[in-house]
Amino acid sequence: MAESRKAIQKRADDKRAGTRARAWTCLVYPDSAADEWQEVLRELLVECLISPLHDKDVWTKTDELENPEHKAGEPKKAHWHVVLSFKNPATNKKAQEIFNAINGVGCKKVSDFKQMARYLCHLDQPQKHRYLTSDVISIGAIDYQALVTSAMDEADIFDELCQFIDDNCILSYRQLCVYVRENRPEWRILVYKTYASGLTRYIKSLAWEIEKKP
Numbered sequence: 003m004a005e006s007r008k009a010i011q012k013r014a015d016d017k018r019a020g021t022r023a024r025a026w027t028c029l030v031y032p033d034s035a036a037d038e039w040q041e042v043l044r045e046l047l048v049e050c051l052i053s054p055l056h057d058k059d060v061w062t063k064t065d066e067l068e069n070p071e072h073k074a075g076e077p078k079k080a081h082w083h084v085v086l087s088f089k090n091p092a093t094n095k096k097a098q099e100i101f102n103a104i105n106g107v108g109c110k111k112v113s114d115f116k117q118m119a120r121y122l123c124h125l126d127q128p129q130k131h132r133y134l135t136s137d138v139i140s141i142g143a144i145d146y147q148a149l150v151t152s153a154m155d156e157a158d159i160f161d162e163l164c165q166f167i168d169d170n171c172i173l174s175y176r177q178l179c180v181y182v183r184e185n186r187p188e189w190r191i192l193v194y195k196t197y198a199s200g201l202t203r204y205i206k207s208l209a210w211e212i213e214k215k216p
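Quick note: the sequence shown uses this note's numbering, first residue 3, plus one each step.
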């Protein structure tokens, strides 16, 4: 029996889906990166994330088992991770064209964009060196901090902010904003928007308690 048109289309769609993804990643090395490679990405009008320079990574025992030349404890070659994000599934060829423009190495499909974003700073890999989220470069409309901040992270940040307010007797929301702007830029979205109301009330409560003290 001849294969139905619907079945043929489904098979073609399934095959195409296997070669497409909404996110792709590569590595970029300082000694082989294209000149002004980050500017090249901006000019291509792509959305992507660039990790901090991973210059403190070391090979693990697992790495050594997979490749005996990668001795556990020895430093890895410094590199950046670049993650491309597409609004619609893109082919390996499309991603590779962009990576070629910056002399990127490798072209791997990303199955979970949020988890890959967190990996840029090793947020869930306690055995690896943790990099600062404030050093991640976002090109396009990706809000990196909002993407990687979990509910638990937010609670810890709120506690730390309240502790800072108490320790430094911050009596105005403006003082807090100045501190965050100058010292913790990665918290701006939380202080300026998410917790603005709660922090303002907390500061007012502290001011009221101080005023009422004999």
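Built from N, CA and C at the ideal position, the CB exists for glycine as well.
Once you ignore the five residues that flank residue i on each side, which residues in its own chain have a CB closer than 7 angstroms to its CB?
i: Leu149; result: Lys116, Ala119
i: Lys73; result: Trp61, Glu66
i: Lys58; result: His131
In terms of residues, what are the limits of the alpha helix (DSSP H) holding residue i?
i: Cys179; result: 175–185
i: Ile167; result: 153–169
i: Trp189; result: Looking at the DSSP string, Trp189 is not in any alpha helix (DSSP H), and its letter there is neither H nor E.
i: Ile172; result: Unbroken run through Ile172: none, as it is neither H nor E.
i: Glu41; result: 39–45
i: Ala148; result: 146–150
i: Ala198; result: 198–214
i: Ala119; result: 115–121
Let me know the secondary structure DSSP gives residue i once reduced to three states.
i: Glu27; result: In the sequence as presented, Glu is not what sits at residue 27; that position holds Thr. In this structure, Thr27 counts as strand in the three-state DSSP scheme.
i: Cys50; result: strand
i: Arg132; result: coil
i: Asp16; result: Legend: pLDDT at Asp16 = 49, less than 50; position of this residue unreliable, no value from coordinates given.
Provide the residue span of the beta strand (DSSP E) that contains residue i, from first to last.
i: Ser140; result: 139–141
Tell me which residues share the same chain as residue i and place their Cβ nearer than 6 angstroms to its Cβ, disregarding the 5 neighbours each side in the sequence.
i: Arg24; result: Phe88, Pro91
i: Leu208; result: none
i: Leu178; result: Ile172
i: Met3; result: No answer about Met3 holds up, because its pLDDT of 46 lies below 50 and its placement is not dependable.
Can you list, in chain order, the residues of its chain whose CB lies under 8 angstroms from that of residue i, leaving out five sequence neighbours each side?
i: Arg183; result: Arg190
i: Leu46; result: Ile100, Ala103
i: Glu188; result: Leu134, Thr135, Ser136, Gln147
For the stretch 26–43 against the stretch 123–135, are there 3 or more C-beta pairs whose distance is under 8 angstroms?
Per the Cβ contact rule, the stretch 26–43 is not in contact with the stretch 123–135 (fewer than 3 Cβ pairs under 8 angstroms).
Identify every run of the alpha helix (DSSP H) within the stretch 52–111, keeping only runs that are complete inside it and at least 4 residues long; order them along the chain.
63–68, 94–103, all fully within the stretch 52–111.
Could you check whether the stretch 156–172 touches the stretch 84–96, counting it as contact only if at least three pairs of C-beta atoms, one from each stretch, sit closer than 8 angstroms?
No, they do not touch.
Is it true that the stretch 88–101 meets the stretch 165–180, where meeting means three or more beta-carbon pairs spaced less than 8 angstroms apart?
Flag = no, the stretch 88–101 and the stretch 165–180 do not touch.
Touching or not, the stretch 133–145 and the stretch 103–114, by the rule of three or more beta carbon pairs under 8 angstroms?
At 8 angstroms Cβ cutoff, the stretches do not touch.
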